[in-house]
Amino acid sequence: MTDNEAIIACLNGDRNSYKWIVEKYKYRAYNSALIFTGNREDALDLSQEAFIRAYRALQRFDQKRSFFTWYYQILKNLCINYLHSRRRRHHFSIDDPDHQYLSPVENSSMSPDEALEKMERNKLIWNAINNLDESDREIILMKEFQDFSYKDIAETLDIPIGTVMSRLYYARKKLVKRLGIINE
Amino acid sequence: MNNFNANCEDIKIAMMALIDGELSEDDKIKVNVHLEKCPSCAKEFESFQSLKQETETMKLAKLPDEYWDDYWERVYNQLERGFGWILFSIGAVIVISFAIYESLKEFFYNPEVSLPLKIGIAFLAFGSVVLFVSVFREKWMVRKVDKYRSVQR
Chain U
1 MTDNEAIIAC
11 LNGDRNSYKW
21 IVEKYKYRAY
31 NSALIFTGNR
41 EDALDLSQEA
51 FIRAYRALQR
61 FDQKRSFFTW
71 YYQILKNLCI
81 NYLHSRRRRH
91 HFSIDDPDHQ
101 YLSPVENSSM
111 SPDEALEKME
121 RNKLIWNAIN
131 NLDESDREII
141 LMKEFQDFSY
151 KDIAETLDIP
161 IGTVMSRLYY
171 ARKKLVKRLG
181 IINE
Chain A
1 MNNFNANCED
11 IKIAMMALID
21 GELSEDDKIK
31 VNVHLEKCPS
41 CAKEFESFQS
51 LKQETETMKL
61 AKLPDEYWDD
71 YWERVYNQLE
81 RGFGWILFSI
91 GAVIVISFAI
101 YESLKEFFYN
111 PEVSLPLKIG
121 IAFLAFGSVV
131 LFVSVFREKW
141 MVRKVDKYRS
151 VQR
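These protein sequence lines are chains U and A, in that order.
First residue of the first sequence: 1, per the working numbering; consecutive thereafter.
First residue of the second sequence: 1, per the working numbering; consecutive thereafter.
Quick look at the structure:
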């Protein structure tokens, strides 16, 4: 089944097809919400709420677009409103003991010391990403952690693919520079 | 990406697509040829490649399976309840408005009361009922999701 076939079935009242869509995208949806909120429970609640809102707005979905990029915009607005209502701007820190969101390094060829070193390096990179400007941070996170293609990013941010590449270039350039400074 | 010139500025942007695996075979050749003869771009490309290698191994931690077991059920229940809430809200507005109408029947049928006042009171009562049902629903929803409701202030 394709997304569009599932959506047409949903519009005809088949909720099992919507289940198929939710099951397909729930992990990406949760990760996206987690990046916005920095809290597991909030990320679960908001990603589910966004699926509910998407279902209710399905009539307005343009089937020429990708479902997830459309859903992502609903989720993003929901997360921003939620954070605004709580008056907080959350860039969660990996050093926060309550926010251990990066996977431990799992590489059998690494010694424990190397794994620890890699984990520390990951923390530095994560913090460097979180300290970027909002637009740079957003595009890096979409590409590296949310599995968006250039086409998806272009569609979501409503910018040409060339702009996606140039924004990625300048964001990565800043990141390379900052990580270079950190390494010195 | 296509239609770019092999000058440094364009190549730098095209490097992103090469690193992210979004470049066509023809454009890959074009970028690689440039990188072979331009040390400045080649150096920058290496740094981007190193960054990509590092971020590729960084993954967000997965949630334990138990968090996912009832994910769809929770979405489904909310979808079902959404329809229930609409019916509940309409029903509550009708019933409460009818009760108010019955209790104010004498007022509405009193010929000594002016029509604008009757219309004003009717709007006031109906608006209050709609607001009451809406606030009740909101409070109920907030109470259900508020993790801190048991905290004593």
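By construction, the Cβ of each residue, glycine as well, lies at the ideal position given by its N, Cα and C atoms.
- Query: Could you give the distance in angstroms between the alpha-carbon of K64/U and the alpha-carbon of K76/U?
  - Reply: Here residue 64/U refers to the residue found at position 64 of the first sequence. Here residue 76/U refers to the residue found at position 76 of the first sequence. Looking at the two C-alpha atoms, the distance is approximately 21 angstroms.
- Any Cβ of chain A within less than 8 angstroms of the Cβ of Q73/U? If you number the first sequence from 1, residue 73/U lands on position 73. False, the Cβ-Cβ gap to chain A never drops below 8 angstroms.
- Identify whether L104/A lies in helix, strand or coil by the three-state DSSP scheme. Within the second sequence, the letter at position 104 stands for residue 104/A. Correct three-state label for L104/A: coil.
- Item | With 16 other Cβ atoms within 10 Å as the buried cut-off, status of Q49/A | Along the second sequence, read from residue 1 onward, the residue named residue 49/A stands at position 49. Q49/A is exposed by the Cβ-count criterion.
- Query: Grouping DSSP H, G and I as helix and E and B as strand, with all else coil, what is K64/U?
  - Reply: Walking along the first sequence from the start, residue 64/U turns up at place 64. Annotated three-state conformation of K64/U is coil, per DSSP.
- Query: So F67/U packs on R28/U, CB below 8 angstroms; how close in whole Å?
  - Reply: If you number the first sequence from 1, residue 67/U lands on position 67. If you number the first sequence from 1, residue 28/U lands on position 28. At roughly 11 angstroms, the Cβ-Cβ gap does not stay under 8 angstroms, so F67/U and R28/U are not in contact.
- Please classify Q53/A: is it buried, with 16 or more other beta-carbons within 10 angstroms of its beta-carbon, or exposed? Mapped onto the second sequence, residue 53/A falls at position 53. Q53/A sits exposed, since fewer than 16 C-beta atoms from the chains shown fall within 10 Å of its C-beta.
- Would you report the Cα separation of I94/A and V129/A, rounded to the nearest angstrom? Translated into the one-based positions of the second sequence, residue 94/A becomes position 94. Translated into the one-based positions of the second sequence, residue 129/A becomes position 129. Each residue's alpha carbon lies about 9 angstroms from the other.
- Query: Where does G21/A fall in DSSP's three states?
  - Reply: Mapped onto the second sequence, residue 21/A falls at position 21. If DSSP states are grouped into helix, strand and coil, G21/A belongs with coil.
- Using CA coordinates, which residue listed in K151/U, Y55/U, K177/U, K173/U is at the minimum distance from L23/A? Taking the second sequence and counting its residues from 1, one reaches residue 23/A at position 23. Of the listed residues, the one whose Cα sits closest to L23/A is K151/U.
- Query: Cβ of L44/U less than 8 angstroms from any chain A Cβ?
  - Reply: Position 44 of the first sequence holds residue 44/U. For L44/U, the answer is yes, since a Cβ of chain A falls inside 8 angstroms of its Cβ.
- Message: Can you look up R178/U in the DSSP assignment and give me helix, strand or coil?
- Response: Position 178 of the first sequence, counted from the first residue, corresponds to residue 178/U. Secondary structure of R178/U (DSSP, three-state): helix.
- Query: DSSP on R172/U, reduced to helix/strand/coil?
  - Reply: Your numbering for residue 172/U matches position 172 in the first sequence. It is helical.
- Query: Whose C-alpha, out of K118/U, L157/U, N131/U, is nearest the C-alpha of K174/U?
  - Reply: For this step, residue 174/U is matched to residue 174 along the first sequence. For the residues K118/U, L157/U, N131/U, the minimum Cα distance to K174/U belongs to N131/U.
- Item | contact_flag[the segment 13-21 of chain A, the segment 161-171 of chain U] where n(CB pairs < 8 angstroms) is 3 or more | These segments touch.
- May I ask you to report which of helix, strand or coil DSSP gives D42/U? As a working mapping, residue 42/U is identified with position 42 in the first sequence. DSSP places D42/U in helix when its eight states are reduced to three.
- Message: At the level of alpha carbons, what is the spacing between A6/U and K19/U?
- Response: Indexing the first sequence from 1 puts residue 6/U at position 6. Indexing the first sequence from 1 puts residue 19/U at position 19. Answer to the nearest angstrom: the Cα atoms are 9 angstroms apart.
- Unbroken alpha helix (DSSP H) run spanning F36/U, endpoints: Position 36 of the first sequence holds residue 36/U. First-last of the alpha helix (DSSP H) with F36/U: 15-37.
- For I94/U, name the three-state secondary structure that DSSP assigns. By 1-based counting over the first sequence, the position of residue 94/U is 94. Note on I94/U: pLDDT 48, under 50, position unreliable in the model; no value is reported.
- Is the beta carbon of L63/A less than 8 angstroms from the beta carbon of R40/U? On the second sequence, residue 63/A is found 63 positions in, with the first residue counted as 1. On the first sequence, residue 40/U is found 40 positions in, with the first residue counted as 1. For L63/A and R40/U, yes; Cβs fall inside 8 angstroms.
- Item | CB contact check: S149/U to chain A, cutoff 8 angstroms | For the purposes of this step, residue 149/U is identified with residue 149 of the first sequence, where counting begins at 1. It does: the Cβ of S149/U has a partner Cβ on chain A nearer than 8 angstroms.
- Task: Taking only beta carbons into account, state which residues of the segment 61-80 of chain A come closer than 8 angstroms to chain U, listed in chain order.
- Result: A61, K62, L63, Y67, W68, Y71, W72, R74, V75, Y76, Q78, L79
- Start-to-end residues for the alpha helix (DSSP H) that takes in M1/U: The count along the first sequence starts at 1 and reaches residue 1/U at position 1. Element bounds for M1/U: n/a, residue is neither H nor E.
- Task: Hey, could you find the ends of the alpha helix (DSSP H) S135/U is sitting in?
- Result: Translated into positions along the first sequence, residue 135/U becomes position 135. Start and end: 134-144.
- Task: Would you mind telling me which residues of chain U sit closer than 7 angstroms to S103/A, beta carbon to beta carbon, in chain order?
- Result: Along the second sequence, one-based indexing puts residue 103/A at 103. What S103/A touches in chain U: nothing, since even the nearest Cβ is about 36 angstroms away.
- Message: Just to confirm, is the Cβ distance from S103/A to F126/A under 8 angstroms?
- Response: As a first step, residue 103/A is located in the second sequence; it is residue number 103 there, counting from the start. As a first step, residue 126/A is located in the second sequence; it is residue number 126 there, counting from the start. Against a cut-off of 8 angstroms, the Cβ pair of F126/A and S103/A comes out as no contact.
- Item | Within chain U, partners of G82/A - CB distance below 8 angstroms | Position 82 of the second sequence holds residue 82/A. Those within 8 angstroms of G82/A in chain U are I52, R56.
- Task: For chain A, find out if any of its Cβ atoms is closer than 8 angstroms to the Cβ of R28/U; answer yes or no.
- Result: In the first sequence, the residue the question calls residue 28/U occupies position 28. Not an interface residue.
- Task: Check the Cβ-Cβ distances between A6/A and every residue of chain U, and say whether any is below 8 angstroms.
- Result: Here residue 6/A refers to the residue found at position 6 of the second sequence. Answer no: the Cβ-Cβ gap between A6/A and chain U never drops below 8 angstroms.
- Query: CA-CA distance, D136/U and T55/A?
  - Reply: Residue 136/U sits at position 136 when you count from the first residue of the first sequence. Residue 55/A sits at position 55 when you count from the first residue of the second sequence. Per the coordinates, the alpha-carbon of D136/U lies some 15 angstroms from the alpha-carbon of T55/A.
- Message: According to DSSP, simplified to helix, strand and coil, what is F148/U?
- Response: Residue numbering aside, residue 148/U sits at position 148 when the first sequence is read from its first letter. In the structure shown, F148/U sits in coil (DSSP, three-state: anything other than H, G, I, E or B).
- Whose C-beta lies closer than 8 angstroms to the C-beta of L11/U among residues of the same chain, with five residues either side of it excluded? Sequence index remark: in the first sequence, residue 11/U carries index 11 (1-based). Contacts found: L58, Q59.
- Query: What do you reckon, are the CB atoms on A43/U and Y71/U nearer than 8 angstroms?
  - Reply: Sequence index remark: in the first sequence, residue 43/U carries index 43 (1-based). Sequence index remark: in the first sequence, residue 71/U carries index 71 (1-based). Not in contact: A43/U and Y71/U (Cβ atoms no closer than 8 angstroms).
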